[in-house]
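Just so it is clear: in the sequence shown, position 64 is 426 by our numbering, and no numbers are missing.
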Amino acid sequence: MGSLCSRDQRNHQSDTEEKSRTAQIERQIDQETKAEKHIQKLVLLGAGDSGKSTIFKQERCLFSPMRS
């Protein structure tokens, strides 16, 4: 009669592990989202030999961190 209301100990332990794993995944997603806020993307469109790669190289030289 009480089988619907009683709780198995094994299920409780797996629920705890599942909640812990879910929290860990959520923290990781939040960290990745914060890191991606600083990334800006640039799409270069144009025909061949129009200088797309040249502009990309110039932007990389101007805005990349200095190498020591």
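We put the CB at the ideal spot given by N, CA and C, even for glycine. Just so it is clear, the structure is predicted and the values come from calculations on it, not from any experiment.
Nearest-angstrom Cβ-Cβ length linking PHE418 and LEU406, presumed shorter than 8 Å: 6 Å
Chain-order list of residues whose beta-carbon lies under 6 Å from that of LYS414 (same chain, five-residue window excluded): LEU406 and GLY408
Alpha-carbon to alpha-carbon, THR395 and ARG422: 23 Å
Coarse secondary structure for LEU406, derived from DSSP in three states: coil
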